[in-house]
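K.L.:
Quick one: this structure, given as structure tokens, is what I'll be asking you about.
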Amino acid sequence: MKYIVMSIVATVVAMAVTSCHQPTDSSTSGLVTVMCDQTFENIIQQEIDVFEYTYPNASVIPYYVDAKSAIDSMIDGRTSLIVTAQELTQEQRDYLHSVNRFPPRTQRIAVDAVAVIVNKDNDIDELSVSELRDILTGATPRWKDVFPSKLDTIRVIFDHPGSSIVKYVSDSIMRGEKFGRVYSVDSLQQVFTEVERRRNAIGFIGVSWITADLAAPTTDIEQRMAELNRNDTAAIDFTSKIKVMKIRRDNDIEAYKPYQAYIYDGSYPLYRSVYVTTTEPNGSLSHGFYSFLTGFVGQKIILNTGVMPARVQPRLVSLY
């Protein structure tokens, strides 16, 4: 991925610093690595860009990996900072406290929605959770089995099998049932691309990957800083390159898209928490970035990605 292309020298230095538990210079200077669930790459890269712009002497090197690899890297002492869609277990926390002077600290930074996306040519606008389950198990193999449609066989697309989105769907939608025929690709960007080009596809993706402002990470950093300093509450919409499905609970009449207000009040059913965890003390760069993510600016960056921040009020959505 373009955000983690780095020199071998930088990688070696970063891993050496974290593996040896050497302290960084301060909470705003030095070098630290962060192992991040790749689902949240769009969010964390923007956070890093603003943090490093604000604190020029700080360097945060990201690795975008699956959730298990992120947690394992902390357990193995290869990093002191992780961002995941799950908290550490009590056993993991106890172990980390036993090998570190400081116990791990965890805070929720966001509530992410898992968006269900289909091709623009799909006739169907909404699905219930049970209809999703039947598609995933293979009980409903064709679009016309869901609703009169010109499309035929359903092609289910995920990122790689070890991803946190696959785990979430398995735990929250499948209810112990096994997946039918599904296809996996190498990244969430590829999920988006496959759904965009395949008329019969359905994909599962983090909501930050489908906002209309997909070009935000490539805009000038000064422009992004100016936008963060504004006190506007304009609503974020989704890209028109694909269709974002409305989802409803089985006992509900109304279906909802994963807008922030509907994530906030629980109307949209497919949501999960995002956590940051550090094992370093106050005064370290690891804790400095941890504090930045949980502070006002870090939370507003999350708000601007379409994900629901933990501490900032949601954007209001106009449907008409």
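The numbering of the sequence shown is the numbering used here, which starts it at 11 and goes up by one.
We put the beta carbon where it would ideally sit given N, CA and C, even for glycine.
Once DSSP output is grouped into helix, strand and coil, what is the label at Met255?
P.N.:
Within the sequence shown, numbered from 1, the residue matching residue 255 stands at position 245. Met255 falls in the coil class under three-state DSSP.
K.L.:
Straight-line CA distance for Ala211 to Leu295?
P.N.:
As a working note, residue 211 is residue 201 in the sequence shown. As a working note, residue 295 is residue 285 in the sequence shown. Taking the straight line from one Cα to the other gives about 43 Å.
K.L.:
What is the C-beta distance between Thr287 and Leu98, in whole angstroms, given that I count them as a contact (C-beta under 8 Å)?
P.N.:
In the sequence shown, residue 287 corresponds to position 277, counting from 1. In the sequence shown, residue 98 corresponds to position 88, counting from 1. Contact flag correct, Cβ pair sits at about 6 Å.
K.L.:
For Val124 and Pro114, what's the separation of their Cα atoms in angstroms?
P.N.:
By one-based count along the sequence shown, residue 124 stands at place 114. By one-based count along the sequence shown, residue 114 stands at place 104. Cα to Cα, Val124 sits roughly 27 Å from Pro114.
K.L.:
Which word fits His107, buried or exposed, when buried means at least 16 other C-beta atoms lie within 10 angstroms of its C-beta?
P.N.:
Start at 1 with the first residue of the sequence shown, and residue 107 comes out as number 97. It is exposed - the Cβ of His107 has fewer than 16 other Cβ atoms within 10 Å.
K.L.:
Using alpha carbons as the reference points, say which of Asp181, Lys188, Trp219 and Gly190 lies closest to Val201.
P.N.:
Numbered from its first residue, the sequence shown carries residue 201 at position 191. Selected option, being the one with the closest Cα: Trp219.
K.L.:
Does DSSP classify Thr287 as helix, strand or coil?
P.N.:
For the purposes of this step, residue 287 is taken as the residue at position 277 of the sequence shown. Three-state DSSP puts Thr287 in a strand.
K.L.:
Between which residues of its own chain and Val166 is the CB-CB distance below 6 Å, once the five residues before and five after are set aside?
P.N.:
In the sequence shown, residue 166 corresponds to position 156, counting from 1. Val192 and Ile212.
K.L.:
For Tyr73, which residues of its own chain have a beta-carbon under 6 Å away from its beta-carbon, when the five flanking residues on both sides are left out?
P.N.:
On the sequence shown, position 63 is the one that residue 73 refers to. Result list for Tyr73: Met45, in chain order.
K.L.:
Could you pull the DSSP bridge partners for Thr221 from this structure?
P.N.:
As a position in the sequence shown, residue 221 is number 211, starting the count at 1. Thr221 pairs with Phe248.
K.L.:
On the three-pair Cβ rule with 8 Å, is the segment 156-165 touching the segment 306-314?
P.N.:
The segment 156-165, when compared against the segment 306-314, does not touch it at the 8 Å Cβ threshold.
K.L.:
How many angstroms separate the CA atom of Asp59 from the CA atom of Tyr65?
P.N.:
Walking along the sequence shown from the start, residue 59 turns up at place 49. Walking along the sequence shown from the start, residue 65 turns up at place 55. Using only the alpha carbons, I get a separation of about 10 Å.
K.L.:
Taking 8 Å as the cut-off, does the segment 248-259 touch the segment 84-95 (at least 3 CB pairs, one atom from each stretch)?
P.N.:
Result no; under three Cβ-Cβ pairs closer than 8 Å.
K.L.:
Return the CA-CA distance between Thr34 and Ile92, expressed in angstroms with no decimal places.
P.N.:
For this step, residue 34 is matched to residue 24 along the sequence shown. For this step, residue 92 is matched to residue 82 along the sequence shown. At Thr34 the pLDDT is 44, less than 50, meaning the model places this residue with poor confidence; the figure from the coordinates comes in the next sentence. Cα-Cα distance, rounded: 16 Å.
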